[in-house]
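The listed protein sequences derive, respectively, from chains A and B.
Per my numbering, the very first residue in the first sequence carries number 29; after that it's consecutive.
Per my numbering, the very first residue in the second sequence carries number 29; after that it's consecutive.
We put the beta carbon where it would ideally sit given N, CA and C, even for glycine.
The structure presented is a predicted model; accordingly, all values stated were derived computationally and were not measured.
Right, one structure below, let's go through it.
Protein chains: 2
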Amino acid sequence: MAKPATIRDVSERAGVSIAVVSRVLNPGSGPVAPDTKLRVQQAIGELSYRPRTAARELKSPGTTTLGLMLADVANPFFARLADKIVWEARARGVNVLLMTTQEDQHLEEECLNTLYERRVAGVIATPTSTNRAAWEKLDDLNTRVVFVDRTIEGVDFADSVGIDNDLSARRATAHLVSLGHTRIGFVSGPTTTSTGRARTEGYRQTLREHGLDVDESLIRHIPFRGDQGSDAVNALLSLPQRPTALIIANTAQVIPSLRRLAFSGLSIPEDLSVIVFDDDPWTELFTPALSIIKQPTEMLAAHSIELALNTAGERGRTNLLVQAEFIERGSTAPPRGSTPPRD
Amino acid sequence: MAKPATIRDVSERAGVSIAVVSRVLNPGSGPVAPDTKLRVQQAIGELSYRPRTAARELKSPGTTTLGLMLADVANPFFARLADKIVWEARARGVNVLLMTTQEDQHLEEECLNTLYERRVAGVIATPTSTNRAAWEKLDDLNTRVVFVDRTIEGVDFADSVGIDNDLSARRATAHLVSLGHTRIGFVSGPTTTSTGRARTEGYRQTLREHGLDVDESLIRHIPFRGDQGSDAVNALLSLPQRPTALIIANTAQVIPSLRRLAFSGLSIPEDLSVIVFDDDPWTELFTPALSIIKQPTEMLAAHSIELALNTAGERGRTNLLVQAEFIERGSTAPPRGSTPPRD
DNA sequence: TTGTACGCGTTATCAG
DNA sequence: CTGATAACGCGTACAA
Numbered sequence: 029m030a031k032p033a034t035i036r037d038v039s040e041r042a043g044v045s046i047a048v049v050s051r052v053l054n055p056g057s058g059p060v061a062p063d064t065k066l067r068v069q070q071a072i073g074e075l076s077y078r079p080r081t082a083a084r085e086l087k088s089p090g091t092t093t094l095g096l097m098l099a100d101v102a103n104p105f106f107a108r109l110a111d112k113i114v115w116e117a118r119a120r121g122v123n124v125l126l127m128t129t130q131e132d133q134h135l136e137e138e139c140l141n142t143l144y145e146r147r148v149a150g151v152i153a154t155p156t157s158t159n160r161a162a163w164e165k166l167d168d169l170n171t172r173v174v175f176v177d178r179t180i181e182g183v184d185f186a187d188s189v190g191i192d193n194d195l196s197a198r199r200a201t202a203h204l205v206s207l208g209h210t211r212i213g214f215v216s217g218p219t220t221t222s223t224g225r226a227r228t229e230g231y232r233q234t235l236r237e238h239g240l241d242v243d244e245s246l247i248r249h250i251p252f253r254g255d256q257g258s259d260a261v262n263a264l265l266s267l268p269q270r271p272t273a274l275i276i277a278n279t280a281q282v283i284p285s286l287r288r289l290a291f292s293g294l295s296i297p298e299d300l301s302v303i304v305f306d307d308d309p310w311t312e313l314f315t316p317a318l319s320i321i322k323q324p325t326e327m328l329a330a331h332s333i334e335l336a337l338n339t340a341g342e343r344g345r346t347n348l349l350v351q352a353e354f355i356e357r358g359s360t361a362p363p364r365g366s367t368p369p370r371d
Numbered sequence: 029m030a031k032p033a034t035i036r037d038v039s040e041r042a043g044v045s046i047a048v049v050s051r052v053l054n055p056g057s058g059p060v061a062p063d064t065k066l067r068v069q070q071a072i073g074e075l076s077y078r079p080r081t082a083a084r085e086l087k088s089p090g091t092t093t094l095g096l097m098l099a100d101v102a103n104p105f106f107a108r109l110a111d112k113i114v115w116e117a118r119a120r121g122v123n124v125l126l127m128t129t130q131e132d133q134h135l136e137e138e139c140l141n142t143l144y145e146r147r148v149a150g151v152i153a154t155p156t157s158t159n160r161a162a163w164e165k166l167d168d169l170n171t172r173v174v175f176v177d178r179t180i181e182g183v184d185f186a187d188s189v190g191i192d193n194d195l196s197a198r199r200a201t202a203h204l205v206s207l208g209h210t211r212i213g214f215v216s217g218p219t220t221t222s223t224g225r226a227r228t229e230g231y232r233q234t235l236r237e238h239g240l241d242v243d244e245s246l247i248r249h250i251p252f253r254g255d256q257g258s259d260a261v262n263a264l265l266s267l268p269q270r271p272t273a274l275i276i277a278n279t280a281q282v283i284p285s286l287r288r289l290a291f292s293g294l295s296i297p298e299d300l301s302v303i304v305f306d307d308d309p310w311t312e313l314f315t316p317a318l319s320i321i322k323q324p325t326e327m328l329a330a331h332s333i334e335l336a337l338n339t340a341g342e343r344g345r346t347n348l349l350v351q352a353e354f355i356e357r358g359s360t361a362p363p364r365g366s367t368p369p370r371d
């Protein structure tokens, strides 16, 4: 009920001017006599005074807030990312404004505008669309923009941090090929996304390098949101020559895909080898334990923060690719016998 | 590089005063001639002007920001909650400041101070400790405080939203009893938490109502963070008379617990029936599909927001308990044979 | 219908 | 070492 104390209240109580109080509040901004300082601190304590952030921000051009714009926090991968980022940010004394785009261009633009209005110090985002104008305004503000996990083209002032998608897909594919698989289904993200494209490319390349044909009907590009993983798996399993192995390179679709697999009656890995891009702990609890591509969430978070809060250096100059680990568990094995599946 | 336009720049370009621009920006705050309005809007467009949030907040006592203080966003339950809350908040034009306490009193206090300084409109939190002084300062600000999922005592001005923990535990326990189980292990949260206590109480009551003894050695209270679920399960299985059923009422410990179970060689549900408090999609993919207590995340989120943004009504008057659903799947069955386990 | 002038809480400048 | 005062960008009485 009582109005919060202002810097003026403190100054009066301590019998000094507001300037002195400010200097006590921001050490290093000017000299203060030891005993004066003590009086001020006491007054601050008694009034339980706290400087108002809004007023502070009004003066200085920047803020101590970071924008975190993710596609979807319900996705455990993004959730872990958010957790780490919030943690790292806190350690640096900055707060995180969380927004979700739900993979929607329109929402994304709205978020970008809000972030602009709030003059956030930096933005860490999983971009959904090339919203040139909106992104550019942030650049005008000198705001650091860091793309994490994905990238978009046409925004050249943004730094980026992600995993080596191409290499990750290569590893997964090569592993299956080395086991003897020749028909490998591949479920990936939309071709409009950098991750969707890079992973598919790694897959294609690896097959070619091993002298195998690339059967386009084995590749499925599906959205991150929704349940299309189920349909995609269904389609793959209904192929005249069904695949003997499957790579689910769309993390958001792992669960729907596996749900469909469970209904198929196929046993893993005897009938079908499976590798998923997902390092959620439950993948180890699945029967059989799933072979995975594990994304180093902490690394992604740490690098993102570093770039987003780094005032030095040119913007858009850094494009980090951290390696994802392939962990072999029980869901991958040589194809059944050496006879191809009947058609 | 170019400094962002201010309201003054717009007024000059449109050949009007800043007051008029402000009125165009905040419709309803005063009359504006149609053609003037048009000129102003055009100027705004040309300069791509956006009012600065910090300056806005300085005037009005409140803000359009909501504080979301969760224990841990890496926990999928909280992640889904955050996702929904961010979504609902956006729909109401408010932004969400995300913070995590990691179940740490000290961090919690730090967060509360930050939220105070920022004059957030409301706070939705999973409280960790009774930090009377810090919570009270928010109350002085007239800030709505809503506890979600958990509650603490001594903060009587806070509203709360959670599931009916007592009833949920009763349902789970009753189900197992009705199947014929008499020795039911119970893994719950710390006794210092409202959820930990309520769930355990529901369990105890139900056993008593059915004329069964409450064997305290079957009850394990473990922290939310860490991997103690593994040890707890280990201890329960090592009991002279091991339980024939297990309720894991500590969502954060479900995975560690199940991991330990997987090593035990026990088959579910033949050797051990299992019910978990967790509605993550993977619980359905587990073999066998897990019987669960499903928390209605969307409801929790919707109610929380409603309370946190509701300026009307007395604070601390509302304590919502939404029902959690028991979903029977494949992990529960009558105990093996009718003979009690040998001792 | 429009413009002027002030206040919001803080920090920075510059004179004492 | 300290104090008065001018910004910062926006909203809003109040005057024109």
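- Judged by beta-carbon spacing, Asp111(B) lies within the 7 Å limit of Val101(A), meaning their Cβ atoms are closer than that value.
- Under the Cβ criterion of 7 Å, Arg108(B) is counted among the residues facing chain A.
- Check the Cα spacing between Ala162(A) and each of Glu145(A), Glu74(A) and Gly73(A): the tightest is with Glu145(A).
- Taking C-beta atoms as the reference points, Ile321(A) and Ala200(A) count as a pair closer than 7 Å.
- The beta carbon of Ile275(B) does not come within 7 Å of any beta carbon belonging to chain A, so the residue lies off that interface.
- Under DSSP, Gly190(B) takes part in a beta bridge, and its partners are Leu349(B).
- Annotated as distal: Leu166(A) and Val124(A), with beta-carbon spacing of 7 Å or more.
- Taken through DSSP and simplified to helix, strand or coil, His203(B) comes out as helix.
- Counting only residues of its own chain and dropping the five nearest sequence neighbours on each side, Ile35(A) has a CB closer than 6 Å to the CB of Ile46 and Val49.
- DSSP places Phe214(A) in the strand class (E or B) of the three-state scheme.
- Taking a contact to require three or more Cβ pairs closer than 8 Å, the region 211 to 231 of chain B and the region 275 to 284 of chain B qualify as touching.
- If you draw a straight line from the Cα of Val189(B) to the Cα of Pro268(A), it is about 53 Å long.
- Taking C-beta atoms as the reference points, Thr92(A) and Val114(A) fail to come closer than 7 Å.
- In the DSSP assignment, Val124(A) is bridged to Leu94(A) and Leu126(B).
- Of all residues in the region 258 to 287 of chain B, those with a C-beta nearer than 8 Å to a C-beta of chain A are Ile283, Leu286 and Arg287, reading in chain order.
- Between the region 209 to 229 of chain A and the region 244 to 253 of chain A, the count of C-beta pairs closer than 8 Å reaches three or more; the two stretches touch.
- Around the Cβ of Thr339(A), a 10 Å sphere holds fewer than 16 other Cβ atoms; the residue is exposed.
- Legend: CB atoms of the region 57 to 84 of chain A lying less than 7 Å from CB atoms of chain B belong to residues Ser76, Arg78, Pro79, Arg80, Thr81, Ala82 and Ala83.
- Scanning Gly73(B), Arg147(B) and Gln69(B) for the CA closest to the CA of Glu85(B) turns up Arg147(B).
- The contact set of Val124(B) on chain A, defined by CB atoms closer than 8 Å, consists of Leu125, Leu126 and Met127 in chain order.
- The beta carbon of Val44(B) is closer than 8 Å to those of Thr64, Arg67 and Val68 in its chain, skipping five residues each way along the sequence.
- Counting only unbroken stretches of 3 or more residues, the beta strand (DSSP E) elements lying wholly within the region 237 to 269 of chain A are 247 to 249, in sequence order.
- Annotation for Ile152(A): the continuous beta strand (DSSP E) segment containing it runs Gly150 to Ala153.
- Gly293(A) and Pro104(A) have their C-alpha atoms spaced approximately 27 Å apart.
- Contact check for Ser245(B) against Arg227(B) fails: the beta carbons are separated by 7 Å or more.
- Under a criterion of Cβ atoms nearer than 7 Å, no residue of chain B is adjacent to Arg225(A); the nearest Cβ is some 26 Å distant.
- Under DSSP, Ile35(B) forms no beta bridge with any residue.
- Around the CB of Glu131(B), 16 or more other CB atoms lie within 10 Å, so the residue is classed as buried.
- Taking 7 Å as the cut-off, the Cβ atoms of Gln323(A) and Asp307(A) count as close.
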